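In what follows, a structure is listed as structure tokens, so that the remarks can point back to it.
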Amino acid sequence: MAPPSNLGKRVKGTQICRPFIYGTTAIPFGPQNPKPPGVPDDHTHSWQVFVKGLDDTDVTYWLRRIQFKLHESIPNHVRMIDAEPGKPFVVNETGWGEFEITGRPSKGGGALMTTGGGTMRAFEFF
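With our numbering, letter number 2 in the sequence shown gets 1078, and the count goes up by one each step, no holes.
So, in structure tokens, the structure goes:
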């Protein structure tokens, strides 16, 4: 007979830490990064905000969704990115300037998780 399992149940007084990486990248438009058709003239960079596992490990087995809040001037500035097994959580855009991006991770069932001090904060500089 198999021993009883707590799999899928909360265990009082137990904390689980799962490391992950979050950040941004920005690349100016130029010969190596041409401006896509339809991008406004005042946009100077392509940029990305991401959440991924250390060494690109899959985090989707414990992380189901990330809510990224971008600057209000960006269309659809609150982005919900759902997990795709084996892939990082990513938003790709173009623009100019500097702004704060916040991210709120959630696990299955929509429960929010803490990330040390609460929400994740990343700044986009370009």
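Note that the Cβ used here is the ideal one computed from N, Cα and C, for glycine as well. Fair warning: this is a prediction, and the values are worked out from it, not measured in the lab.
query: Return the CA-CA distance between Pro1116 and Ser1149, expressed in angstroms with no decimal places.; result: 14 Å
query: Kindly indicate which residue of Pro1151, Val1166 and Glu1174 has the alpha-carbon position closest to the one of His1129.; result: Just to set this straight, residue 1129 is Gly in the shown sequence, not His. Minimum Cα distance to Gly1129 is reached at Val1166.
query: Please name the residue in Thr1170, Glu1176 and Gly1179 whose C-alpha comes closest to that of Ala1102.; result: Thr1170
query: Quick check: what's the CA-CA separation for Lys1183 versus Pro1107?; result: 40 Å
query: Tell me the start and end of each unbroken beta strand (DSSP E) in the stretch 1097 to 1147 that is at least 3 residues and wholly inside, in chain order.; result: 1121 to 1129 and 1141 to 1145
query: Cβ of Trp1123 versus every heavy atom of the ligand MN: is any distance shorter than 7 Å?; result: With respect to the ligand MN, the structure shown offers nothing to examine, as it has no ligands at all.
query: Thinking C-alpha only, which one of Gly1179, Ser1122, Asp1131 and Arg1140 is nearest Pro1104?; result: Ser1122
query: When we look at the beta-carbon of Pro1110 and count the other beta-carbons within 10 Å, is it buried (16 or more) or exposed?; result: exposed
query: Hey, would you say Arg1180 sits closer than 8 Å to Asp1158, going by beta carbons?; result: no
query: State the Cα-Cα distance for the pair Pro1095 and Asp1134, rounded to the nearest angstrom.; result: 11 Å
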